[in-house]
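Final position of the sequence shown in this note's numbering is 895; the numbers increase by one with none missing. For every residue, glycine included, the Cβ atom is placed at its ideal position computed from N, Cα and C. Nothing here was measured: the structure is a model prediction, and the numbers come from that model. What follows is a short report on a single structure.
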Amino acid sequence: MSEAMEKKKVLSCIQPSGMLTLGNYLGALKNWINMQDEFECTYAVADLHAITVRQEPAKLRAQIYSTYALMLALGLDTQKSTLFIQSHVPEHAQLSWLLSCYTQFGELSRMTQFKDKSAKHSDNVNVGLFSYPALMAADILLYKPDFVPVGADQKQHLEIARDIATRFNHIYGDVFTVPEPYIPKTGARVMSLQDPTKKMSKSDENVNAWVAILDDKDTVIRKFKRAVTDSLAQVRLSDEQPGIKNLIGIYSAVTNKTPQEIEKEFDGKGYGEFKLAVGEAVADELAPIRESYNTIISDKAELERLFREGGQRAEFIARKTYLKAMKKVGFVL
Ligand code: TRP
563 MSEAMEKKKV LSCIQPSGML TLGNYLGALK NWINMQDEFE CTYAVADLHA
613 ITVRQEPAKL RAQIYSTYAL MLALGLDTQK STLFIQSHVP EHAQLSWLLS
663 CYTQFGELSR MTQFKDKSAK HSDNVNVGLF SYPALMAADI LLYKPDFVPV
713 GADQKQHLEI ARDIATRFNH IYGDVFTVPE PYIPKTGARV MSLQDPTKKM
763 SKSDENVNAW VAILDDKDTV IRKFKRAVTD SLAQVRLSDE QPGIKNLIGI
813 YSAVTNKTPQ EIEKEFDGKG YGEFKLAVGE AVADELAPIR ESYNTIISDK
863 AELERLFREG GQRAEFIARK TYLKAMKKVG FVL
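See below:
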């Protein structure tokens, strides 16, 4: 393939969580799938990041398997993309050490996620929680991606990765590619079904606030039926109606209908009917994913074969970048 025809590279990672939500799916993962043809994609389960808060070993292990299986069930394809588990490629931790020596204490202290998480887990403000952005920078810079799709909550971390890369290149020459954030053309910011001014989050105590990708049909529909709306009784896209706005966004993301088409479809109809339609559309979208997940997770040997192979492919790339950086700094290889 000639250089001009080479695909641009994309990298992203997701933390292993037992309960990825509709928000993760519509806000991030659906775009990962759509990017597979246009870009050369590398996606990882960021398991090393997960231990910045305490994890129960058996649960963490199960969640790493299930997150990888869910990536496959959603339609990520090892024939098109490199799909692996972060800890299988030791260069992530190794480069992270190197980069942490080019990262300032002051800049890490300003990270809003660090401030939030250290307030929330005040009994365990560990050094890993603090230096997490240096590990994330390593995840990214090892693969020289052109684009990194991230949500709003990770933009600050991507910014610091860019700063670290620029700083390192300034000292040692052209080692790292400085990646751009990727803002998808489509992609919904999915809010809580119980408080539409807050982002949908699996850590919400109210289970009706969020929908898991693996929730069954009845559960999905029930949660949408209970979604908080307002008393204006009109399906209109407006900031004064955050609950309805959220439901329109979700319905639009799964049906590809525009908000205008949706307003028209439900003109003069009640919220009950609208909420049911959204619930059914979401349930229909999630059903085949759940089915495929159940098949994939039951074949552990095949799952392991796939993530080992992905890890080897990833390490081949990561190793080169890592050794180049080491050599530039002055290590004896
Ligand atoms: N920190 C990200 C999150 O919590 C996950 C992540 C780890 C990531 N490494 C990354 C995202 C590299 C993009 C690129 O969501």
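{"query": "Indicate whether Val607 and Ile595 have their beta-carbon atoms separated by less than 7 Å.", "result": "no"}
{"query": "Helix, strand or coil for Lys571? Go by DSSP, reduced to three states.", "result": "strand"}
{"query": "In terms of residue numbering, what span does the beta strand (DSSP E) encompassing Glu853 cover?", "result": "Looking at the DSSP string, Glu853 is not in any beta strand (DSSP E); the run it does join, the alpha helix (DSSP H), is Tyr833 to Ile859."}
{"query": "Looking at C-alpha atoms only, which residue of Asn586, Ala631 and Gln675 is the closest neighbour of His719?", "result": "Gln675"}
{"query": "Go ahead and pull the three-state DSSP assignment for Val607.", "result": "strand"}
{"query": "Thinking just about the alpha-carbon of each residue, which of Arg875, Val816 and Val737 is nearest to the one in Val891?", "result": "Val737"}
{"query": "Return the chain-ordered list of same chain residues with a C-beta closer than 8 Å to the C-beta of Asp801, the five sequence neighbours on each side being excluded.", "result": "Lys807"}
{"query": "Need the endpoints of the beta strand (DSSP E) that Val710 sits in, please.", "result": "Phe709 to Pro711"}
{"query": "Report the residue ranges of all alpha helix (DSSP H) runs contained in full by the stretch 608-686; include only those spanning at least 4 residues, in chain order.", "result": "609-612, 619-636, 653-662, 667-671 and 674-682"}
{"query": "In terms of alpha-carbon separation, which member of Lys706, Ala887, Gln803 and Tyr587 lies closest to Tyr734?", "result": "Ala887"}
{"query": "Grouping DSSP H, G and I as helix and E and B as strand, with all else coil, what is Lys826?", "result": "helix"}
{"query": "Pick from Val773, Ser662, Phe730 and Leu691: whose alpha carbon is nearest that of Gly896?", "result": "Lying outside 563 to 895, the shown extent of the chain, residue 896 is not represented and no answer is given."}
{"query": "Out of curiosity, what's the CA-to-CA distance linking Ser765 and Ser754?", "result": "11 Å"}
{"query": "Short check: CB of Ile812 to CB of Leu582, under 7 Å?", "result": "no"}
{"query": "Identify the continuous alpha helix (DSSP H) that holds Glu767 and give its terminal residues.", "result": "Unbroken run through Glu767: none, as it is neither H nor E."}
{"query": "Check whether the Cβ of Cys663 lies closer than 6 Å to any heavy atom of the ligand TRP, and answer yes or no.", "result": "no"}
{"query": "Tell me which residue opens and which closes the alpha helix (DSSP H) that Pro743 is part of.", "result": "That residue, Pro743, is in no alpha helix (DSSP H); its beta strand (DSSP E) goes Glu742 to Tyr744."}
{"query": "Please confirm if the stretch 681-690 is in contact with the stretch 637-652, defined as three or more CB-CB distances below 8 Å between the two stretches.", "result": "no"}
{"query": "Taking the alpha helix (DSSP H) that Trp594 belongs to, which residues open and close that run?", "result": "Lys592 to Glu600"}
{"query": "Got a sec: does the ligand TRP put a non-hydrogen atom nearer than 6 Å to the Cβ of Phe789?", "result": "It should be noted that the sequence gives Ala, not Phe, for residue 789. Checking every heavy atom of the ligand TRP against the Cβ of Ala789, none is found closer than 6 Å."}
{"query": "Output needed for Tyr705: all residues of its chain with C-beta closer than 8 Å, excluding positions within five of it in sequence on either side, in chain order.", "result": "Lys571, Leu573, Thr604, Ala876, Ile879, Ala880 and Thr883"}
{"query": "Of all the beta strand (DSSP E) runs that stay within the bounds of the stretch 700-734, which reach a length of 3 or more residues?", "result": "709-711"}
{"query": "Under 7 Å between the Cβ atoms of Ile726 and Ala700?", "result": "no"}
{"query": "Rounding to the nearest angstrom, what Cα-Cα distance links Leu865 and Leu636 in this structure?", "result": "14 Å"}
{"query": "How about His611: is its Cβ closer than 6 Å to a heavy atom in the ligand TRP?", "result": "yes"}
{"query": "Measure the alpha-carbon distance for Gln874 versus Leu622 and round it to whole angstroms.", "result": "22 Å"}
{"query": "Kindly indicate which three-state DSSP category Ala576 falls into: helix, strand or coil?", "result": "Residue 576 is actually Ile in this sequence, not Ala. The answer is strand: DSSP assigns Ile576 an E or B state."}
{"query": "Going by CA-CA distance only, name the one from Ile702, Val712 and Thr759 that's closest to Val740.", "result": "Ile702"}
{"query": "For Ala620, which residues of its own chain have a beta-carbon under 8 Å away from its beta-carbon, when the five flanking residues on both sides are left out?", "result": "none"}
{"query": "Are the beta-carbon atoms of Ala696 and Leu661 separated by less than 7 Å?", "result": "yes"}
{"query": "Under the rule that 16 or more other beta-carbon atoms within 10 Å means buried, what is Pro707, buried or exposed?", "result": "buried"}
{"query": "Nearer than 6 Å: is that true of the beta carbon of Gln577 relative to any heavy atom of the ligand TRP?", "result": "yes"}
{"query": "Using beta-carbon positions only, say whether Tyr855 and Leu638 come within less than 7 Å of one another.", "result": "no"}
{"query": "Once the 5 residues before and after Pro746 are set aside, which same chain residues still bring their CB inside 6 Å of it?", "result": "Asn593"}
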